[in-house]
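Asks: For the sequence shown, UniProt numbering gives the first residue as 1, with consecutive numbering after it. Even glycine gets a Cβ: it sits at the ideal position worked out from N, Cα and C.
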Amino acid sequence: MAVKEFKAESKRLLNLMVNSIYTNKEIFLRELISNASDAIDKSYYRSLVDENVNFNKDDFYIRIAADKDKKTLTITDTGIGMTEKELEDNLGTIAESGSLAFKNENDIKDGVDIIGQFGVGFYSAFMVSDKVTVKSRSADSDKAYKWESEGAEGYSIEPCEKETTGTEIILKIKENTEDEKYDEFLDEYKIKLLVKKYSDFIKYPIKMMVKKSRPKKDNEKEYEDYFEDETLNSMVPIWRKNKNELKPEDYDQFYMDKHFGYDKPLRVIHSSVEGVVSYKTLLFIPARAPYDFYTKEFEKGLELYSNGVLIMEKCADLLPDYFSFVQGLVDSADLSLNISRELLQHDRQLKFIAKKIKDKIKSELLLMLKNNREKYIEFYNSFGKQLKYGVYSDFGANKEVLQDLLLFYSSTEKKLVTLDEYVSRMKEDQKYIYYAAGENVEKIEKLPQTELVKDKNFEILYFTDDVDEFAIKMLMKYKEKEFKSVSSKDLGFDSDDRESKKETEENKELFDFMKEVLKDKVKEVRASNRLKTHPVCLANEGEVSIEMEKVLKMMPNNQNIKADKILEINTNHQMFKAIKKAFQEDKDKLKVYSNLLYNQALLIEGLPVEDPVQFANDVCTLIK
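1) Just to confirm, are Ala539 and Gln600 a CB contact at a threshold of 8 Å?
2) Can you pull the DSSP bridge partners for Tyr409?
3) So, does the region 518-538 touch the region 459-467, judging by three or more C-beta pairs under 8 Å?
4) Return the CA-CA distance between Ile546 and Gly438, expressed in angstroms with no decimal places.
5) Do the CB positions of Val330 and Leu302 come within less than 8 Å of each other?
6) Taking Leu73 as part of the beta strand (DSSP E), name the residues at either end of that continuous run.
7) Can you name, in chain order, every residue of its own chain whose Cβ lies under 8 Å from the Cβ of Lys243, other than the five neighbours on each side?
8) Using DSSP bridges, identify the partner residues of Glu503.
9) First and last residue of the beta strand (DSSP E) that includes Glu150?
10) Below 6 Å CB to CB, which residues in the same chain sit around Phe28 once its five sequence neighbours on both sides are set aside?
11) To the nearest angstrom, how far is the alpha carbon of Leu416 from that of Tyr409?
12) Anyone know if the C-beta pair for Asp611 and Val592 falls short of 8 Å?
13) Can you tell me whether Phe383 is helix, strand or coil according to DSSP?
14) Of the choices Ser594, Gln559, Asn557, whose alpha-carbon is the least far from that of Met575?
15) From Leu452 to Arg288, what does the alpha carbon distance come to, in whole angstroms?
16) Around the C-beta of Ser99, are 16 or more other C-beta atoms found within 10 angstroms, so that it is buried, or is it exposed?
17) May I ask you to report which of helix, strand or coil DSSP gives Ser272?
18) Residues in its own chain within less than 7 Å of Arg240 by CB, not counting five upstream and five downstream?
19) Out of Leu510, Asn560, Leu607, Tyr155, point me to the one whose CA is closest to Lys577's CA.
20) Quick check on Tyr598: does DSSP put it in helix, strand or coil?
21) Would you tell me roughly how many angstroms separate the C-alpha atoms of Phe411 and Val268, rounded to the nearest one?
22) What does Arg267 pair with, by DSSP beta-bridge criteria?
23) Identify, in the order they occur along the chain, each residue of the same chain with its Cβ nearer than 8 Å to the Cβ of Asp225, setting aside the five sequence neighbours on each side.
24) Hey, is the region 418-433 in contact with the region 318-329, meaning 3+ C-beta pairs nearer than 8 Å?
25) What did DSSP end up calling Leu447 once you bin it into helix, strand or coil?
26) Check Leu367 in the structure and name its three-state DSSP category.
27) DSSP beta-bridge partners for Asn242?
28) Between the C-alpha atoms of Phe102 and Thr177, what's the straight-line distance to the nearest angstrom?
29) Is the beta carbon of Leu461 less than 8 Å from the beta carbon of Ile433?
30) When the distance is taken between beta carbons, is Lys399 closer than 8 Å to Leu475?
31) Gly275 to Asp359, Cα distance in whole Å?
32) Measure from the alpha carbon of residue 694 to the alpha carbon of each residue in Tyr223, Lys85, Glu163, Asn219, then state which is nearest.
33) Just to confirm my understanding: we take Glu549, look at its own chain, exclude 5 residues before and 5 after, and list those with CB closer than 7 Å. What are they?
34) Note the first and the last residue of the continuous beta strand (DSSP E) segment covering Glu303.
35) Name the one or two DSSP bridge partners that Ala537 has.
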């Protein structure tokens, strides 16, 4: 039997394919099954256009058989088969795609999908095989031929016996090495796993004789093994079915089968888009965040299919980071794939689909917010923080996309509200959207800084997530209304500001003395316009708030960034008389008062006392 040599460039390409193009050896089965599906598609197409050809749908299938003793894996199809010339053209010249030629020569209609485009997938078999044998009989011939090769050295073609039309590929699986366990590809479990993972939605049945066990008839306590023909793939993808064919339970089951989550999804987005780029999506918004969602280990992305064949398990480019919680898949025949069908080229089609998906997710979330508030709040409790990160990240580039999806607890409504709802309730004389930041709602309710704003019956938004203030600083405005912290130096109340400035000026020497005692701990000591019943509080000036300082201190790369703090004194409080008296009669006592008031203000803010020993001594001094 004469061995024919591959062309020089084909030798190099074969070597490249086996060692470089495919990063994952298990891909070989996906490629061979896809090729088998193509061959059946061609037969199916011929049955549609040639009335003299009569195929029964049950005649179309793919069969896998593993022989551990002989170390062979066989993939058989009932497709159109190949003539001697086609074996020479398609397999003798690497990267000569019979599928692509068939696609170009025929006006493919009626939903016939030809998966292969490059003609290189077949050679992925050499990653796991020492020898590949192909037996094929064309639908146009009563003769069969065998193509055989042990790698880049060449191949042979000779006549063989084959009773039926179609192709049979026999792989002689390699011996195990220290690094690779090739015989796993002969395990029934592994084969079923790979078919389910990559080829579950090939539209022809993929069959295999599987080993099963049953009780013996004569002894129910003993079991005997038997073999049964089993179809390994689902065939019809759920996302290609009409919505009216499906029930909520169908989506829930698919969601759990795919391990997208362990609870029922909150919302399902099933869409089909036809146009410049055609694609189908089946997306799920989970009810709860995965345990690793807010860690570096979490990997975002949608499953990407091309005509029902899995191309990527996690295509990160299809989802923006702020919607990384979305699970699901995209199926399109219009994407440009690279030669190994493993990685996606970053082209305009991908960007187009990603943008449409982003818009669709946003519109669905807005619908949930409008029509099912309770369910949206459930979603927001799990993923609201991610939306806020999205506002803050990329220098606020996505803030307009996300701002209407945000919720914050309201001081007046006693529940989560949107920014739009807040603005719609603003009073005529209200200039700002007021907010207060703290560890939780209960602690914010008690903050002294909220007293004046509440006294004017202005609504306050409570920020309880670390990222809240950072996001709002990036947002800056909503519907032309600026955000203002209740701890800000200037609250925008002119008459109150004038009164506090007057009090500060009248007690300038006293406040300057206290400032000198506290040194760099505060930028200023002044009379407060915001305190009604509490004696003291901290305000801040500049971009970094006290809450932001607390968050930054917890960061691994803490650079000791501090807020510019202002110690505000309630001049209408009984305590202020004692301060004034100490300033006139006992300045040492005023030093103790100053430190105590500052430490009291720190404790109210949830900040640690900077010198606990000094604080204890000051308390003892007062007791004496």
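Replies: A quick look at the data gives this:
1) Translated into the one-based positions of the sequence shown, residue 539 becomes position 539. Translated into the one-based positions of the sequence shown, residue 600 becomes position 600. For Ala539 and Gln600, no; Cβs fall outside 8 Å.
2) Your numbering for residue 409 matches position 409 in the sequence shown. Answer is Leu416, Tyr462, bridged to Tyr409.
3) no
4) Here the question's residue 546 lines up with position 546 in the sequence shown. Here the question's residue 438 lines up with position 438 in the sequence shown. C-alpha separation (whole angstroms): 10 Å.
5) As a working mapping, residue 330 is identified with position 330 in the sequence shown. As a working mapping, residue 302 is identified with position 302 in the sequence shown. In contact: Val330 and Leu302 (Cβ atoms closer than 8 Å).
6) For the purposes of this step, residue 73 is taken as residue 73 along the sequence shown, with counting starting at 1. Note, Leu73: beta strand (DSSP E), 72-77.
7) For this step, residue 243 is matched to residue 243 along the sequence shown. Once the five neighbours on either side are set aside, the close Cβ partners of Lys243 are His270.
8) Stepping through the sequence shown from its first residue, residue 503 is reached at position 503. Looking at the DSSP assignment, Glu503 forms no beta bridge with any residue, so it has no partner.
9) To locate residue 150, count along the sequence shown from 1; it is residue 150. That run of the beta strand (DSSP E) goes 144-151.
10) Sequence index remark: in the sequence shown, residue 28 carries index 28 (1-based). Same-chain partners within the cutoff: Ser124, Ala125, Met127, Val128.
11) By one-based count along the sequence shown, residue 416 stands at place 416. By one-based count along the sequence shown, residue 409 stands at place 409. Taking the straight line joining both Cα atoms gives about 4 Å.
12) Within the sequence shown, the letter at position 611 stands for residue 611. Within the sequence shown, the letter at position 592 stands for residue 592. It is not a contact, given that the beta carbons lie outside the stated cut-off.
13) Here residue 383 refers to the residue found at position 383 when the sequence shown is read from its first residue. DSSP places Phe383 in helix when its eight states are reduced to three.
14) The count along the sequence shown starts at 1 and reaches residue 575 at position 575. Met575 has its Cα closest to that of Ser594, out of Ser594, Gln559, Asn557.
15) On the sequence shown, residue 452 is found 452 positions in, with the first residue counted as 1. On the sequence shown, residue 288 is found 288 positions in, with the first residue counted as 1. Distance between the alpha carbons of Leu452 and Arg288: 39 Å.
16) As a working mapping, residue 99 is identified with position 99 in the sequence shown. Confidence at Ser99 is low in this model, with a pLDDT of 43, below 50, so the placement of that residue should be treated as unreliable; the coordinate-derived value is given next. With 16 or more Cβ atoms within 10 Å of its Cβ, Ser99 is classed as buried.
17) As a position in the sequence shown, residue 272 is number 272, starting the count at 1. Looking at Ser272 - three-state DSSP - the assignment turns out to be strand.
18) The residue you call residue 240 lines up with position 240 of the sequence shown. Lys280, listed in sequence order.
19) Taking the first residue of the sequence shown as position 1, residue 577 is located at position 577. Ranking Leu510, Asn560, Leu607, Tyr155 by Cα distance to Lys577 puts Leu510 first.
20) As a first step, residue 598 is located in the sequence shown; it is residue number 598 there, counting from the start. Here Tyr598 sits in helix by DSSP.
21) Along the sequence shown, one-based indexing puts residue 411 at 411. Along the sequence shown, one-based indexing puts residue 268 at 268. For the sequence presented, residue 411 should be read as Ser rather than Phe. Looking at the two C-alpha atoms, the distance is approximately 33 Å.
22) Taking the sequence shown and counting its residues from 1, the one referred to as residue 267 is at position 267. Note: Arg267 sits in a beta bridge opposite Ile285.
23) Counting from 1 along the sequence shown, the entry for residue 225 is found at position 225. Once the five neighbours on either side are set aside, the close Cβ partners of Asp225 are Lys211, Lys212, Ser213.
24) no
25) Position 447 of the sequence shown holds residue 447. Three-state DSSP puts Leu447 in coil, outside helix and strand.
26) Your numbering for residue 367 matches position 367 in the sequence shown. Helix, per DSSP.
27) In the sequence shown, the residue the question calls residue 242 occupies position 242. Its beta-bridge partners do not exist; DSSP assigns none.
28) The residue labelled residue 102 in the question sits at position 102 within the sequence shown. The residue labelled residue 177 in the question sits at position 177 within the sequence shown. Low confidence applies here, because Phe102 scores a pLDDT of 41, under 50, leaving its location unreliable and the question unanswered by this model.
29) As a working mapping, residue 461 is identified with position 461 in the sequence shown. As a working mapping, residue 433 is identified with position 433 in the sequence shown. Yes, the Cβ-Cβ distance between Leu461 and Ile433 is below 8 Å.
30) Here residue 475 refers to the residue found at position 475 of the sequence shown. Here residue 399 refers to the residue found at position 399 of the sequence shown. In this structure, Lys399 lies closer than 8 Å to Leu475 by Cβ.
31) The residue you call residue 275 lines up with position 275 of the sequence shown. The residue you call residue 359 lines up with position 359 of the sequence shown. If you take the alpha carbons of Gly275 and Asp359, they lie about 16 Å apart.
32) Residue 694 is absent from the structure shown; the chain starts at 1 and stops at 624.
33) Here residue 549 refers to the residue found at position 549 when the sequence shown is read from its first residue. Here the set comprises Ile561, Lys562, Ala563.
34) Position 303 of the sequence shown, counted from the start, is the residue given in the question as residue 303. Glu303 -> beta strand (DSSP E) spans 302-306.
35) Position 537 of the sequence shown holds residue 537. One detail in the question is off: residue 537 reads as Cys in this sequence, not Ala. Glu568, per the DSSP bridge assignment.
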